[in-house]
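Asker:
Residue numbers (our numbering), protein chains in the order written: chain U, 1 to 290; chain V, 1001 to 1884.
1. Give a yes or no on whether the C-beta atoms belonging to residue 1795 of chain V and residue 1813 of chain V are separated by under 7 Å.
2. Please classify residue 1347 of chain V as buried or exposed, where buried requires at least 16 neighbouring CB atoms within 10 angstroms.
3. Does residue 1816 of chain V get closer than 7 Å to chain U when you measure Cβ to Cβ?
4. Please give me, in chain order, every unbroken run of the beta strand (DSSP E) with length at least 3 that falls completely inside the segment 1796-1849 of chain V.
5. Identify whether residue 1210 of chain V lies in helix, strand or coil by the three-state DSSP scheme.
6. Are residue 1721 of chain V and residue 1739 of chain V touching if we call contact CB-CB under 7 Å?
7. Kindly indicate which residue of V:1509, V:1048, V:1056 has the alpha-carbon position closest to the one of residue 1071 of chain V.
8. The alpha helix (DSSP H) that contains residue 1641 of chain V, what's its start and end?
9. State the DSSP-derived secondary structure class of residue 1518 of chain V, mapped to helix, strand or coil.
10. Name, please, each residue of chain V whose Cβ falls closer than 9 Å to the Cβ of residue 63 of chain U.
11. To the nearest angstrom, report how far apart residue 1517 of chain V and residue 1729 of chain V are at their CA atoms.
12. Do residue 1807 of chain V and residue 1654 of chain V have their C-beta atoms closer together than 7 Å?
13. Which residues in the same chain as residue 1659 of chain V place their Cβ atom closer than 7 Å to its Cβ, once the five residues preceding and following it in sequence are excluded?
14. Could you tell me which of V:1123, V:1420, V:1083 sits nearest to residue 107 of chain U, measuring between CA atoms?
15. In chain V, which residues lie with their C-beta within 7 Å of the C-beta of residue 81 of chain U?
16. Does the segment 1814-1822 of chain V come close enough to the segment 1784-1801 of chain V that 3 or more CB-CB pairs lie under 8 Å?
17. Classify residue 215 of chain U as buried or exposed, calling it buried when 16 or more other Cβ atoms lie within 10 Å of its own Cβ.
18. Taking all protein chains shown into account, decide if residue 209 of chain U is buried (16 or more other Cβ within 10 angstroms of its Cβ) or exposed.
19. Using DSSP with H/G/I as helix, E/B as strand and the rest coil, what is residue 1109 of chain V?
20. In whole angstroms, give me the CA-to-CA distance for residue 1635 of chain V and residue 1754 of chain V.
21. Please state whether the Cβ-Cβ distance between residue 1378 of chain V and residue 1370 of chain V is less than 7 Å.
22. Does DSSP put residue 87 of chain U in a helix, a strand or coil?
23. For residue 1148 of chain V, does the three-state DSSP call read helix, strand or coil?
24. Go to residue 1588 of chain V, then tell me how far its beta strand (DSSP E) extends in each direction, as first and last residue.
25. Indicate whether the contact test is met: 3 or more Cβ pairs, each with one atom in the segment 1555-1574 of chain V and one in the segment 1586-1593 of chain V, closer than 8 Å.
26. Show which residues of chain U have a CB atom less than 7 Å away from the CB atom of residue 1068 of chain V.
27. Determine the burial state of residue 1486 of chain V: buried for a count of at least 16 other Cβ atoms within 10 Å of its Cβ, exposed for fewer.
28. Just to confirm my understanding: we take residue 1533 of chain V, look at its own chain, exclude 5 residues before and 5 after, and list those with CB closer than 6 Å. What are they?
29. At a CB distance below 7 Å, what residues from the segment 48-62 of chain U approach chain A? Give them in sequence order.
30. Among residues of its own chain, excluding the 5 on either side of residue 114 of chain U, which ones have a beta-carbon nearer than 7 Å to its beta-carbon?
31. Taking its Cβ as the centre, do 16 or more other Cβ atoms sit within 10 Å of residue 1776 of chain V, making it buried, or is it exposed?
32. Alpha carbon to alpha carbon, how far is residue 197 of chain U from residue 219 of chain U? Give it in angstroms, no decimals.
33. Between the Cα of residue 1770 of chain V and those of V:1025, V:1200, V:1741, spot the shortest distance and give me the residue it belongs to.
34. Taking C-beta pairs closer than 7 Å, name the residues in chain U that residue 1424 of chain V reaches, listed in chain order.
35. I'd like to know whether the C-beta atoms of residue 1331 of chain V and residue 1436 of chain V end up nearer to each other than 7 Å.
36. If we cut at 7 Å on Cβ distances, does residue 44 of chain U have a partner in chain V?
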């Protein structure tokens, strides 16, 4: 450690440079970073700089400082884009960001940055040996986004059992459709498609009379779309059951509506009769007074 | 030869110019690149930095050359560069990079500043490795100076010393000698032209520009006395000159400035903002034309400056006609009523904007009519259509727009906390009509869960005009929320007390096994784990651990909590020399509890109901008589069911401004005496209290309301009531779980196990407690502790610093309470009163710390001192949120 302490204070740049490389080779990356930090500004523009900057980025990568590593790899690529190391630097920039991107249930902004970086690499070096790997990384990140969206849908579905079921039924109807729009090829669409029918029926059942018809019809549309899209689905039977239930609801709704209209007409007729009678009585009274 | 690059220092043009047609770029293949003029730099490295390579196809003139120049300059290591074409053979082009090297900075040092400043400045002045140029030097000097001027060192001087660096060829060592001088403070702010608004009011608006504290009244009196002639003395004595209130204020303002909380340093950028605030203040008083005609900053003495501000107030304006246009949904009368500004009112642009767009105090402005009902695009634009004399006609132009439905809701910035923990708290949902007050409530509730910086929760609306929908993104910023409590203090009889407490408010049990998700602990699922150890050697120890899952089952906010605690209190013999430190008796309580708290939506959704079941073992070892028990050694147990109904709608847990918190709780044990008829008053205590039988009721209500519409001054009223009883009268009320009143109200400072501690400032800890005089006597005539207590508190709080990393507020209080040993004596009008003041500071890592000084007006009688005086003044220290 004494030697390193002396080096930290040293102004012999050649010695520093050699020592930095030595520590790097010995895989003592933290010490290498400290020495590179000191020596890099001084050797810029010399023949030593290129390799040193590359090692500097790698030292960060090896010590799992992915954000910094990504930055230094990008700087390296921008500075030495004709270098034979440029391809690796750009890949490592993307890879560092990829490794740094968090779990699906956290903020995914940095994952989107990673996707952009990977895309940049793939556009720039379509012939690269790492192309397949990059493709795999993108796939993995896309799956992460999909998982995030699916977990969000599941949460809305779960909360329909919570304190405000009505609000969450409606949230599910919108959210599940948005999911299908954003991830049309997702394997989760089958499950969510079934749940959409289930939820929209529950929503219709809780609706006020005036809105019931439209919502029941919407359920039927959702159900028919599901059966068309997933004819072999394991949920098929359940959906058919829900559909027939919806149909029954709709019929009883129509019956009720008809009945209601009949009764209103009847009531209206009675009121009119009553009014007419009152009028007649009043007229009779008036003429009697006269 | 063709010169292609723009050279910064080139003055002479090369002699033999090849004729190239600049209007028709042509493609060439680079046949050769050479670099000349290099001494320390490396040719290949420079060419590589330029991004050019032999065999590249480039167009001339074109991007390749200019981008090469840009790249070279960006490195900051060269003095000058030209790119020249030396030869063209068919499609082949020969390039020459003509470089000039200059010395570069190899080292940067500072003198005259401390390490922290040096660290910060090194980041700001990162010129190591760059070329020595005057502009770079000047720029750095300017940056250093600006850095110190911002800190109030207006007279900072920075000198640069350059030296050859012998360790590296062609390089320069640089030293900045900083002389920051002393801080310049503001002596006096002189305001002129303010005929209608007094100067001290204007000075109050200069939030970041304050006068130096001063206290000249003695100096002034002395100078008046020494300068008094008999004639003026006569005048002063006979009060012939009537003194107006304004004159008194002016005098006080001139001779006192008790401004100890605000610094009086001068920061130019703050001053600029402050001047705008003064104008805004004038505008809010109807002085629509007010301007600062002149202001100057000049030296008063070496370290102090004076500020002159001249104001031209102009006239005061009033509203005349207020008309609405473009409104179809609400008619003008409804809008006018909501606006609450009428013809003849003083013209106040600020208030008008508030009432139109967003009134943070009440939230019931004109926009709320529309924006709580989906009209997200609603805008209202006040236009001054006519100004006649001092009257202004305003037309309020409205655009109502369509009703907007929420399409999606998402969050950004949750780097530690899982999505579902945040999303489940959001009240605005897809499919709903947009609703501003729901949005505001969501922001409030997100700030209450404590994981995010409440000042930085921002909803980002991404509307889509075509289908009248909106995507809402809540932008969040995580903040550390774990609390560590490390405290030590002198606890009276018990001497030194140490506490180590850790509270993790965003724990994740699920992530414990996956080490890669620890940062630095398993976090993100919103669970709470609290560990606490408190001890002062052998005489008192307390260990507790608890775990809470706030959304047990994931469907409803039902909080499940599990806890374990163990406390020991020992009597140590301090006085006996032969037997020093012997254990003279101990009392232990060990308990476990399981609870479930539910949020309910009825009567409204601020209610919460919780139930918990607790089992406790009270273990006496030569200690029972402290509670007046007839036995010394033995065990008592209890199983109790606690039910609590609470309603809480306070707006901010740390510094509440609005809302109330009402809690009613009952604790019930099974009725053992009804089950076992053989137990009665005559039974020995071992039998009577083998299983404790009691019921206990507590009621607590607190209310917060801002004073004078300010968001800093808050009034709070609290009332507390509790009583313990027995089922029937077979064995009477148990001697445990009673009330102990007086002092700071902190459990840890009282070491009173098996009792309910209630504070009453201005009185000694535990001083208002029946049975206090008989404590320790076996079978005492009165058991220790009250069975019913009352307490009422009024507080006025003033927020000094809203900074979330250290929230500070001051308070003045008046409170009263009493504690009775039996129901016959209970008299809610016979209360011990006190008043005082205090301060609180909240730091996220330490929780709430407080100090109060209270004065007790009433006497606390005791047998030892039958004729005591008033309790008198005393200090109390508190740690943590005092609940009662």
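Beta carbons are placed, not taken as given, at the ideal position from N, Cα and C, and that holds for glycine.
Answerer: For this structure:
1. Between residue 1795 of chain V and residue 1813 of chain V, the C-beta spacing is below 7 Å.
2. The residue is buried, with at least 16 neighbouring Cβ atoms inside 10 Å.
3. No, because no Cβ of chain U sits closer than 7 Å to the Cβ of residue 1816 of chain V.
4. Segments of the beta strand (DSSP E) lying fully in the segment 1796-1849 of chain V: 1807-1820, 1832-1843.
5. Correct three-state label for residue 1210 of chain V: coil.
6. No, these two residues do not count as a Cβ contact at 7 Å.
7. For residue 1071 of chain V, the closest of V:1509, V:1048, V:1056 by C-alpha to C-alpha distance is V:1048.
8. Residue range 1634-1648 is occupied by the beta strand (DSSP E) that includes residue 1641 of chain V, with no alpha helix (DSSP H) assigned at that position.
9. The three-state secondary structure of residue 1518 of chain V, taken from DSSP, is strand.
10. Those within 9 Å of residue 63 of chain U in chain V number zero; the least Cβ separation is about 16 Å.
11. Cα-Cα distance, rounded: 58 Å.
12. In this structure, residue 1807 of chain V places its C-beta atom within 7 Å of the C-beta atom of residue 1654 of chain V.
13. For residue 1659 of chain V, same chain residues with a beta-carbon under 7 Å away, outside a window of 5 residues either side, are 1649, 1650, 1651, 1704 in chain order.
14. When the alpha-carbon of residue 107 of chain U is set against those of V:1123, V:1420, V:1083, the nearest one is in V:1420.
15. Annotation: Cβ neighbours of residue 81 of chain U in chain V (cutoff 7 Å, chain order): 1051.
16. Counting Cβ pairs under 8 Å, three or more are found: they touch.
17. Classification for residue 215 of chain U: buried.
18. Counting the other Cβ atoms within 10 Å of the Cβ of residue 209 of chain U gives fewer than 16, which makes it exposed.
19. Look at residue 1109 of chain V here: in three-state DSSP terms it is strand.
20. Annotation: residue 1635 of chain V to residue 1754 of chain V spans about 13 Å, alpha carbon to alpha carbon.
21. If you check the CB distance, residue 1378 of chain V and residue 1370 of chain V come in under 7 Å.
22. Helix at residue 87 of chain U.
23. For residue 1148 of chain V, the three-state secondary structure derived from DSSP is helix.
24. Counted as a single uninterrupted DSSP element, the beta strand (DSSP E) harbouring residue 1588 of chain V occupies residues 1583-1600.
25. Short answer: they touch.
26. When 7 Å is used as the limit between beta carbons, residue 1068 of chain V is near no residue of chain U, the shortest such separation being about 10 Å.
27. Exposure of residue 1486 of chain V is indicated by the presence of fewer than 16 other C-beta atoms within 10 angstroms of its C-beta.
28. 1500, 1543, listed in sequence order.
29. The displayed structure is made up of protein chains U and V, and chain A is not among them.
30. Result list for residue 114 of chain U: 94, 97, 98, 101, 141, in chain order.
31. Its Cβ having fewer than 16 others within 10 Å, residue 1776 of chain V is exposed.
32. Pairing residue 219 of chain U with residue 197 of chain U, the inter-Cα distance amounts to about 6 Å.
33. When each option's Cα is compared against that of residue 1770 of chain V, the closest is V:1741.
34. Listed by position along chain U, the residues whose Cβ is nearer than 7 Å to that of residue 1424 of chain V are 155, 159.
35. Taking a C-beta distance under 7 Å as the contact criterion, residue 1331 of chain V and residue 1436 of chain V do not qualify as a contact pair.
36. At least one chain V Cβ lies under 7 Å of residue 44 of chain U.
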